[in-house]
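Let me begin by presenting the structure, written as structure tokens, before commenting on it.
Numbering (full-length UniProt numbering), first residue to last: 1 to 738.
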């Protein structure tokens, strides 16, 4: 509490000089803390402003000190106008009436609340509090909401004459966004040269921000004082620009005015936020009401904080205002609704124990550089010995140096790679574990001894080869679904192949698997139990346990059960309806001169979207498909295309997206369908670049802005500096003016 309140000292305490110095120090700290908390509170408020006018708190509910910041934020966002929303009808005097979307074009200030089905006025909401009740000030367009859709004249009456509350509020909004009229700006009285210098300084700072954002680099340094040798990437890069440009050098850092250096953390965050906001704005403009898919996933960052990624998949204007009514596909990747195949297998206690043993083994052997070197040396000795005995083939690229691979939580094939490395390096791993035990000077002798006993058991070897075969059957599908651009026809073919392989393995693969396990155990001197002996699980009572044989346990309880779980999971994720949808969609593929084209399946695909294809549209599509396929097969420029994405771009390039509008609509719907959630996983990979061990205290807004620009850098590079600087200037009152 002494950091925030000045302590009262009695006359018997220390001298007045000491009291005074202590008090000044405490008050200084309290001001910094309070100022920091207010800034943080303001950022939280601005980041969570409700877009729906029916859900907004009134302006008087905000702290008077932040009202202008809130108003400025709403003006930068613009009025809430969901033009693609399906407006509900209301019975008014026996007639069904509803909001007319054309009113948005006629009244630029008009807003619509989806939650209340009512219209509001943005200008009056922001500045109605400046007027007293009785001065023509009504709460219809600010609190209650206008719903009398048959009385359009009431909207014009709200605007009123020159001196009406609405027009005065509109002028207040114009004045707020025009910083040249602000008192602070008038008092400063910048000269023309000062404005030029300000623009140069701001442009140089923005160039530094652009570079750091695109590279995913941190901005600040541990010590940014004048005597520091490394002041952080942002200041050092600004200094680099100054050293190579005399005009920049004359207006930045030590040559800039004391309050216009653009090196404060708040300025850096404002610049990054302006970059992120303009990037989002450009993406939304590029979507232009197009169909999109929504993919959502969550993951923990470096500071063990849950972060959520939201990815929108859409077709751009090259064939490549957002409303949820245009949503045509959803993909949710999380433990609650989309289990990976490894997670399904881990539902069996024995398999879960096996994977735990594998992780423990990798951790023990790879715990230090010394142990990894021991494994590498032992592997080299084994390879040399095998080559001398002609047990290994020789040739270019064979017998390369490798190491134990660590399994990841989100990649199916990472577990497959771990199992392959354990099998190929089994002899070397056993030798390293024995060396760790014989060494006797390490802390995990017990763990090494336990791992050695586990891996030299028949049960471990059986699970090792079984899971290797199981994940090997699904590895191609796993790799395909993790690619960024996946051909849907190929994906469905792989799903079918995967199901057929698993079914054949279930029916005919157990004996071959058992032969592999017996052979491996014999090669490495591992005891093999009699398959006719009774099997009792370690965690079961011997008296109450069911009487089953070893062969029954491994064949029925492990082999058949887990394969059936895998098939059930694949059937659940690729149900008959989804499979039919994707098979029909694959008929759009232009590969091999449109060999997959099937008119009836494409018509069936269109029937899945009744909002886009009415019965009349389906008839028109049927006629158009015949002309379309004849045109495509007789044009040489379409004969070598691969993938529906390339086809869509080619149609836009040739202007055929307007000629075959229904077919292009099918292509658009097909391209928005998310086959896998690899895009979301890549967002988390990018998050690990932005928020690493040295930047583990990043705030959510700072992380979100930096990550957005880093991922969408191809969009960001198309935004000019003037647009970003204009956004930055209007975020709050600035001392300098452009």
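Heads up, the beta-carbon is just placed ideally off N, CA and C, and yes, glycines get one too.
Bear in mind that the values here come from a model prediction, so they are computed numbers and not experimental data.
Nonlocal neighbours in the same chain, by C-beta distance under 6 Å from residue i, ignoring five residues either side
i	result
residue 608	581
residue 70	62
residue 752	Residue numbering for the chain in the displayed model covers 1 to 738; residue 752 lies beyond these limits and cannot be assessed.
residue 559	510
residue 125	142
residue 303	696
residue 579	none
residue 632	594, 638
residue 391	With a pLDDT of only 48 at residue 391, under the threshold of 50, the placement of this residue in the model should not be trusted; the figure read from the coordinates follows. Result list for residue 391: empty, nothing under 6 Å.
residue 249	242
residue 21	Unreliable positioning characterises residue 21 in this predicted model, as indicated by a pLDDT of 36, which lies under 50. The coordinate reading is nonetheless provided below. Answer for residue 21: no residue qualifies.
residue 599	625
Residue from the options with nearest C-alpha to residue i
i	options	result
residue 605	656, 654, 594, 666	666
residue 169	123, 200, 154	123
residue 269	494, 727, 493, 152	727
residue 526	570, 595, 301, 462	462
residue 730	271, 496, 167, 448	271
residue 551	459, 524, 624	459
residue 469	494, 502, 635	502
residue 357	620, 422, 55	422
residue 426	445, 617, 595, 375	375
residue 211	227, 688, 41, 233	233
residue 734	139, 157, 259, 225	259
residue 72	563, 574, 84, 45	45
residue 557	536, 656, 574	536
residue 117	144, 519, 627, 95	144
residue 612	623, 664, 653, 565	664
Beta carbon proximity, residue i to chain C, threshold 8 Å
i	result
residue 72	Although the question refers to chain C, the structure presented lacks it and comprises just one protein chain.
Pair within 8 Å by beta-carbon distance, residue i and residue j
i	j	result
residue 115	residue 52	yes
residue 237	residue 253	no
residue 638	residue 650	yes
residue 127	residue 172	yes
residue 597	residue 584	no
residue 430	residue 365	no
residue 416	residue 347	no
residue 455	residue 445	no
residue 129	residue 60	yes
residue 113	residue 54	yes
residue 547	residue 534	yes
residue 642	residue 591	yes
Same chain, Cβ closer than 8 Å to residue i, neighbours up to 5 away in sequence not counted
i	result
residue 223	230, 231
residue 708	276, 279, 280
residue 149	90, 92, 97, 98, 99, 100
residue 305	none
residue 176	68, 71, 72, 75
residue 532	549, 550, 551
N-terminal and C-terminal residue of the beta strand (DSSP E) that residue i is part of
i	result
residue 120	118-121
residue 749	In the structure as shown, the chain starts at 1 and stops at 738, and residue 749 therefore has no counterpart that could be examined.
residue 90	90-92
residue 450	It is not in any beta strand (DSSP E) - residue 450 instead sits in the alpha helix (DSSP H) that spans 445-455.
residue 113	110-113
residue 95	95-97
The alpha helix (DSSP H) enclosing residue i, as first and last residue numbers
i	result
residue 156	153-159
residue 662	661-672
residue 704	700-711
residue 198	192-215
residue 721	721-731
residue 149	Residue 149 -> no alpha helix (DSSP H), and no H or E assigned at all.
residue 263	No alpha helix (DSSP H) holds residue 263; DSSP gives it neither H nor E.
residue 170	165-177
residue 349	349-365
Same chain, Cβ closer than 7 Å to residue i, neighbours up to 5 away in sequence not counted
i	result
residue 683	309, 311, 711
residue 322	Because residue 322 sits at a pLDDT of 49, beneath the cut-off of 50, its placement in the model cannot be relied upon, and the point is left open.
residue 672	291, 292, 293, 313, 314, 315, 328, 329
residue 388	Bear in mind that the predicted position of residue 388 carries a pLDDT of just 48, short of 50, making it unreliable; the figure below should be weighed with that in mind. Taken in chain order, the list of residues that qualify is empty.
residue 690	216, 703, 706, 707, 710
residue 629	594, 597
Next item on the list: Run through the region 599-649 for me and flag every whole alpha helix (DSSP H) of 4 or more residues, listed as ranges in chain order.
Entry: 599-607, 615-633, all fully within the region 599-649.
Item checked: Secondary structure, alpha helix (DSSP H): runs of 4+ residues fully inside the region 557-603 -> If we require 4 residues or more, the alpha helix (DSSP H) runs fully inside the region 557-603 come out as 561-573, 576-585, 591-594.
Notebook entry, point to check: Which residue spans inside the region 282-322 form an unbroken beta strand (DSSP E) run of at least 3?
Noted result: Every beta strand (DSSP E) stretch that sits fully inside the region 282-322 and reaches 3 residues is listed by chain position as 292-300, 306-314.
Item checked: Whole runs of the beta strand (DSSP E) within the region 54-93, excluding any shorter than 3 residues -> You should have 90-92.
Check: Which runs of the alpha helix (DSSP H) fall wholly inside the region 491-534 and span at least 4 residues, in chain order?
Finding: Secondary structure remark: continuous alpha helix (DSSP H) runs of at least 4 residues inside the region 491-534, in chain order: 510-523.
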